[in-house]
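Residue numbers (the working numbering): 57 to 134.
Right, here's the structure in full:
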């Protein structure tokens, strides 16, 4: 639930915590968003789509996979 110190906003029907002033989005939060977006794209690709939409979704999926890979690499690098 949102609090005054860390309010939320709704985007695409999902509620996200806003980062506090002076802080970026955490790696965990970014990975969770990427995972949700990837799942959303996979659900959409099962529906009939034009070839152009499928190519666009494939590019987005590839980009999200790359971001998740970078996140995992940085998470375990110490």
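Cβ coordinates follow ideal geometry from the N, Cα and C atoms, glycine included. Values in this document were obtained by computation on a predicted structure and should not be read as measured data.
query	result
How long is the line joining the alpha carbons of residue 117 and residue 133, rounded to whole angstroms?	24 Å
Does the pairing of the stretch 84 to 99 with the stretch 120 to 134 give three or more beta-carbon distances under 8 Å?	yes
Would you report the Cα separation of residue 129 and residue 106, rounded to the nearest angstrom?	35 Å
Under the three-state reduction of DSSP, which class applies to residue 122: helix, strand or coil?	helix
Classify residue 81 as helix, strand or coil using the three-state DSSP reduction.	coil
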